[in-house]
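Per this note's numbering, the sequence shown starts with residue 797, numbered consecutively.
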Amino acid sequence: MSVLVTGGAGYIGSHTCVELLNEGYEVVVVDNLSNSSKISLDRVEKLTNKKLKFYEVDLLNKEGLRDVFKKEKIDSVIHFAALKAVGESVKEPLKYYHNNIAGTLVLCEVMKEFNVKNIVFSSSATVYGDPKIIPITEECEKGEITNPYGQTKAMMEQILIDINKADKDFSVVLLRYFNPVGAHESGEIGEDPKGIPNNLMPYISQVAVGKLKSLSVFGNDYNTKDGTGVRDYIHVVDLSIGHIKALKKLERERGVFIYNLGTGVGYSVLDMIKAFERASNTKINYEFKERRGGDIACCYADPSKAQRELNFKAIRDLNKMCEDTWRWQTKNPNGYEK
Ligand code: NAD
Ligand code: UD1
């Protein structure tokens, strides 16, 4: 079985390529390297001792994508390629709508042309907005989304659902990730944010390694156990394994399937700081600051549907998430750049 991985050079994509190759899938990566480095894929090959195919192609380049489908026999697609910086999406909405939505449309058109009917899609818990019920089940209605990035995720979900309505054989798994963190335990691949990180875990690890001075903790007056925001952090290797389980679901069944990928456990920002200090044996400087616009107090998954229907359970705990992030950070203080 051959899987096209769009955005496969990126953070979650590269980890998923490792799991796919280890499972015996053939892997074809399409990435324009706008937010990643080809070195991640070299390392994927080194870690697995297997080869993958890489095409530096932008999803918006329909002819380029058609060439890939002509050359390679694709059975299924895992679609990671997207822009993902929430703050940037507020400043540059057109860039986000164009890249994420048009990219997905072109991909689906080419899939249709080449009769490829399985897609696993990277969605996000952001589609729930500020959830009415916690833990969040897949039945929770989509909420009010405060930024264009999140809107693109909700729209892309709808596009895929509508394609299935018109062609029942076109089958889709929508994976709503909670907060992916951590790195491969080898420390060879991990998250390599460009510039100052927006997300908590890479920010903490850059403070720990001395690249950044101090973490701003956004808000300490939320209605949570210690006043700081609570999230469901999931190890990126567990998350990647979730994609293999999703592919296998599409090998058994046709339809549209929606799953939360989280652990079901919520940790606060202060929990994360303490856990990282323990795992890295460092001290994290932090200061309390104003709440960040668009943030919610608390968000964690009910992960039981994925467990029931995909036989998926995240098993790597918070200590492992921190240890693996730290190993990646210390081995690669400047990410993939030497
Ligand atoms: P990433 O930026 O590391 O990976 C995305 C990859 O897509 C990059 O390698 C980038 O170069 C590529 N890409 C972007 N636009 C492209 C285009 N037009 N054509 C070809 N390649 C393109 O991000 P990630 O953290 O690995 O996220 C992967 C997916 O998961 C994204 O869709 C993201 O929105 C989604 N997601 C991520 C998180 C998270 O916290 N990391 C949470 C929820 C959902
Ligand atoms: C953010 C995005 C979400 C996206 C997800 C993954 C926003 C509003 N939400 O989720 O749409 O799907 O990333 O890319 O941006 N925090 C700090 N200091 C920091 C960074 C974060 O205190 O420097 C806090 C936040 O307030 C939050 C928690 O840490 O309580 C997690 O933040 P983050 O890692 O950015 O993820 P989310 O906000 O959950």
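Think of the CB as a built atom: it goes at the ideal place given N, C-alpha and C, for glycine as much as any other residue. None of the values given here were measured: they were computed from a predicted structure.
Whose C-alpha, out of the options, is nearest the C-alpha of residue i?
| i | options | result |
| --- | --- | --- |
| residue 828 | 895, 1127 and 847 | 895 |
| residue 1054 | 1102, 1029 and 1016 | 1102 |
| residue 801 | 842, 891 and 900 | 900 |
| residue 1035 | 1063, 916 and 999 | 916 |
| residue 966 | 858, 1033 and 911 | 911 |
| residue 993 | 984, 981 and 977 | 977 |
| residue 814 | 984, 1078, 1109 and 833 | 984 |
| residue 874 | 1124, 893, 805 and 1010 | 805 |
| residue 845 | 1080, 818, 867 and 1075 | 818 |
| residue 990 | 1131, 897 and 1031 | 1131 |
| residue 1022 | 855, 1058, 1063 and 987 | 1063 |
| residue 812 | 1123, 1006 and 841 | 841 |
| residue 945 | 926, 930, 962 and 920 | 920 |
| residue 799 | 808, 826 and 807 | 826 |
| residue 876 | 924, 830, 941 and 822 | 830 |
| residue 1012 | 1065, 1039 and 1049 | 1065 |
| residue 847 | 872, 940 and 820 | 820 |
| residue 904 | 939, 925, 893 and 865 | 865 |
| residue 953 | 963, 936, 935 and 972 | 972 |
| residue 1095 | 1109, 1105, 1122 and 1057 | 1057 |
| residue 926 | 975, 1128, 1091 and 969 | 1091 |
| residue 1041 | 1001, 1028, 988 and 1110 | 1110 |
| residue 1046 | 942, 871 and 1079 | 871 |
| residue 1060 | 969, 931 and 1039 | 931 |
| residue 1077 | 1032, 988 and 1123 | 1123 |
| residue 1014 | 1039, 1020, 1025 and 833 | 1025 |
| residue 975 | 1032, 859, 1080 and 843 | 1032 |
| residue 914 | 936, 887 and 960 | 960 |
| residue 1119 | 981, 933 and 837 | 981 |
| residue 1085 | 1048, 1097 and 1017 | 1017 |
| residue 1003 | 907, 941 and 1125 | 1125 |
| residue 1164 | 833, 1114, 1001 and 822 | Nothing about residue 1164 can be reported from this structure: the residues present for the chain run from 797 to 1134 only. |
| residue 838 | 1005, 810 and 1088 | 810 |
| residue 969 | 1052, 1083 and 1097 | 1052 |
| residue 906 | 934, 858, 928 and 823 | 858 |
| residue 882 | 995, 936 and 979 | 995 |
How would you write the range of the alpha helix (DSSP H) that residue i sits in, first residue to last?
| i | result |
| --- | --- |
| residue 1001 | 996-1004 |
| residue 976 | No alpha helix (DSSP H) contains residue 976, which is instead part of the beta strand (DSSP E) from 975-977. |
| residue 945 | 944-962 |
| residue 839 | 835-844 |
| residue 863 | 858-867 |
Helix, strand or coil for residue i per DSSP?
| i | result |
| --- | --- |
| residue 1076 | helix |
| residue 1110 | coil |
| residue 936 | coil |
| residue 810 | helix |
| residue 1144 | The structure shown has nothing for residue 1144, since the chain only spans 797 to 1134. |
| residue 971 | strand |
| residue 1097 | strand |
| residue 1120 | helix |
| residue 847 | coil |
| residue 1105 | helix |
| residue 892 | helix |
| residue 815 | helix |
| residue 898 | helix |
| residue 805 | coil |
| residue 878 | coil |
| residue 1115 | helix |
| residue 1008 | coil |
| residue 1069 | helix |
| residue 1127 | helix |
For the beta strand (DSSP E) holding residue i, just list the boundary residues, first then last.
| i | result |
| --- | --- |
| residue 885 | No beta strand (DSSP E) contains residue 885, which is instead part of the alpha helix (DSSP H) from 882-887. |
| residue 827 | 822-827 |
| residue 874 | 872-875 |
| residue 1012 | 1011-1014 |
| residue 800 | 798-802 |
| residue 1084 | 1082-1085 |
- Message: Give the list of continuous beta strand (DSSP E) stretches no shorter than 3 residues that lie fully inside the stretch 1016-1064.
- Response: 1029-1031 and 1052-1057
- Message: Please give me, in chain order, every unbroken run of the beta strand (DSSP E) with length at least 3 that falls completely inside the stretch 902-934.
- Response: 914-920
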